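Colleague:
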Amino acid sequence: MSANIYSVDYFYTTVEDKPGMGCKFLETLVHDDVNLLAFNAFPVGRDRTQLVIYPLNSTWLGDLARHNGLRLVGPHHAFMIHGDDELGALVQIHKKLCDEEINVSSANGVGDGLGGYRYIMHVHPDDYKQAMEILDVEQNVKPIADFHLDLKRRFHAKN
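Below, the structure written as structure tokens:
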């Protein structure tokens, strides 16, 4: 399977770097039925942690932020990539960007244990549109969140 590449929005905020702060933030998301595509947290400075939120639906996250007085920075844009987990799966993607002198500024990925992977990749905002063209990201496709708008906000796993 070739890789599927989507444009996704992300937001970030910072919280105190102490026990329970990330959990409290995630509980707020759950309480307002904000489903995530991905989430990342890492320390910034001595006493702060940056939370990076990739929502399934940016509008729902925006509603939550307005109603709860949360300060979110964004939306920013990243690429979500998924495909078959095989040796060198990401090399072609990175090579296309490298050949056009576009730097991948940060990335995270994980194998799903079933032969697939998910990967989030960031490029500089000034390079984002060019990267979309190079990676042949379909720009006229509805955002990934729109494919789920006919469903309720809360999703239940099947047994």
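The working numbering applies: residue 4 is where the sequence shown begins, and numbers increase by one. The C-beta atom is built at its ideal place from N, Cα and C for all residues, glycine as well. Being a predicted model, the structure only gives us computed values, none of them experimental.
With a floor of 4 residues, list each alpha helix (DSSP H) that falls wholly inside the region 24 to 100, ordered by position along the chain.
Modeller: 24 to 34 and 61 to 71
Colleague: Taking only three categories from DSSP, how would you classify Asp129?
Modeller: helix
Colleague: Near Ile137, which residues of its chain fall below 8 Å by C-beta distance, leaving aside the five closest residues on each side in sequence?
Modeller: Around Ile137: Lys99, Leu100, Glu103 and Ile105.
Colleague: How many whole angstroms separate the CB atoms of Val183 and Ala81, which I take to be in contact at a CB cut-off of 8 Å?
Modeller: With the chain represented from 4 up to 162, any question about residue 183 goes unanswered, as that position is not in the structure.
Colleague: From the DSSP output, in three-state form, read off Phe150 for me.
Modeller: Only weak support exists for where Phe150 lies, its pLDDT of 46 falling under 50; the coordinates are left without a value.
Colleague: How big is the Cα-Cα spacing for Arg51 and Pro22?
Modeller: 11 Å
Colleague: Return the first residue and the last residue of the beta strand (DSSP E) that Gly114 is part of.
Modeller: Val107 to Gly114
Colleague: Between Tyr131 and Gly72, what straight-line distance do the alpha-carbon atoms span, to the nearest angstrom?
Modeller: 30 Å
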